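Participant: Mapping of the sequence shown onto the working numbering: residues 64 to 187, in sequence order.
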Amino acid sequence: YALSAGYYDAYYKKASQVRTLIKEDFARTFASCDLLVSPVVPTPAWAIGAGGDDPLSLYLSDILTLSANLAGTPGMSVPCGFSSQGLPIGVQLQAAHFQEEILLRAAHNLEQRAGIVGRKPPLA
Numbered sequence: 064y065a066l067s068a069g070y071y072d073a074y075y076k077k078a079s080q081v082r083t084l085i086k087e088d089f090a091r092t093f094a095s096c097d098l099l100v101s102p103v104v105p106t107p108a109w110a111i112g113a114g115g116d117d118p119l120s121l122y123l124s125d126i127l128t129l130s131a132n133l134a135g136t137p138g139m140s141v142p143c144g145f146s147s148q149g150l151p152i153g154v155q156l157q158a159a160h161f162q163e164e165i166l167l168r169a170a171h172n173l174e175q176r177a178g179i180v181g182r183k184p185p186l187a
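1. Under 8 Å by Cβ, that's how I've got G138 and P184 pegged, so tell me the actual separation to the nearest angstrom.
2. Do the CB positions of I179 and P142 come within less than 8 Å of each other?
3. With respect to the alpha helix (DSSP H) encompassing S190, which residues constitute its N-terminal and C-terminal limits?
4. Give a yes or no on whether the C-beta atoms belonging to A177 and G144 are separated by under 8 Å.
5. CB Q155 to CB V103, shorter than 8 Å?
6. DSSP puts S147 in a beta bridge; with which residues?
7. Of all the options R91, L129, P105, N172, which has the alpha carbon lying nearest to the alpha carbon of S146?
8. Can you tell me whether A134 is buried or exposed? The criterion is at least 16 other CB atoms within 10 Å of its CB, across all chains shown.
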């Protein structure tokens, strides 16, 4: 309904304006730093078979990755440790446009220093 003929132009234009503001905000941020580090998800990973049926839970589990998508900046998730239950925890790295080299170097450095290369979560 919201994207029907009478509303499409207005909503698309507003969304485009908001995205432009987000991109400008990130550009200002990256003028004074090389990398943003943030959680990937608000909770540790779900156990196998848990948490996948509720659409709201699934949406909220991705909420922290939206900024990279909206700003169009390169970003990636890097494993950084494990919860007390042995489930993986990741950190999200974001860099400015066309700064993938910084992003990849930071990710590699983090993986090496975290001491978790080759470690796997329990499957049972």
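The beta-carbon is built from N, C-alpha and C at its ideal position, and this holds for glycine as well. Model, not experiment: these values are computed from the prediction.
Facilitator: Once the coordinates are examined:
1. Counting from one through the sequence shown, the residue named residue 138 turns up at place 75. Counting from one through the sequence shown, the residue named residue 184 turns up at place 121. That pair is no contact at about 23 Å.
2. Residue numbering aside, residue 179 sits at position 116 when the sequence shown is read from its first letter. Residue numbering aside, residue 142 sits at position 79 when the sequence shown is read from its first letter. Taking C-beta atoms as the reference points, I179 and P142 count as a pair closer than 8 Å.
3. Limits of the chain in this structure are 64 at one end and 187 at the other, which puts residue 190 out of reach.
4. Along the sequence shown, read from residue 1 onward, the residue named residue 177 stands at position 114. Along the sequence shown, read from residue 1 onward, the residue named residue 144 stands at position 81. Between A177 and G144, the gap from beta carbon to beta carbon is short of 8 Å.
5. The residue you call residue 155 lines up with position 92 of the sequence shown. The residue you call residue 103 lines up with position 40 of the sequence shown. Between Q155 and V103, the C-beta spacing is below 8 Å.
6. Sequence index remark: in the sequence shown, residue 147 carries index 84 (1-based). Beta-bridge partners of S147 (DSSP): none assigned.
7. Sequence index remark: in the sequence shown, residue 146 carries index 83 (1-based). The residue from R91, L129, P105, N172 with its alpha-carbon nearest to that of S146 is P105.
8. One-based indexing of the sequence shown puts residue 134 at position 71. Here A134 is buried, its C-beta having at least 16 other C-beta atoms within 10 Å.
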